[in-house]
Amino acid sequence: MAHWNIHIKGITPLKERYDDGEIEFTEMRDSVVRILRTKLTRYLDVDSALWDNEVYEAVEYLAETTSEEMFNDAQHDLYDWCDDNRVWLDPIE
């Protein structure tokens, strides 16, 4: 099992802008998904054993969410995969 330390930046400011009403849900969601896809694919190419269905499905589910509740559920799925695979997202800022 891999033990990585992945730094993903830029997510929290987007969520704060959404919470403050500066951007729409879809803009926040699409930007967060873009950040995750870009960062994760640097570490996980499609041929990697770690780019398994769980993480792929978690990011794709996040991309398809239509509400904040669905978005949060999808984000929890991603964190579950990270916990199971000893991937640490630090810091999400």
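Heads up: the sequence shown begins at 852 in the working numbering, then just goes up one per residue.
Beta carbons are placed, not taken as given, at the ideal position from N, Cα and C, and that holds for glycine.
Spatial neighbours of residue i in its chain, beta-carbon cut-off 8 Å, leaving aside the 5 residues before and after
i: residue 875; result: 869
i: residue 866; result: 879, 883
i: residue 918; result: 876
Helix, strand or coil at residue i according to DSSP, with G and I counted as helix
i: residue 937; result: coil
i: residue 874; result: coil
i: residue 882; result: helix
i: residue 858; result: coil
i: residue 892; result: helix
Residue interval of the alpha helix (DSSP H) (run including residue i)
i: residue 870; result: 862–870
Own chain, CB closer than 7 Å to residue i, minus 5 neighbours either side, in chain order
i: residue 935; result: none
i: residue 909; result: 925, 928, 929, 932
Contacting residues, own chain, Cβ-Cβ under 6 Å from residue i (five flanking each side not counted)
i: residue 861; result: 886
i: residue 913; result: 884, 925
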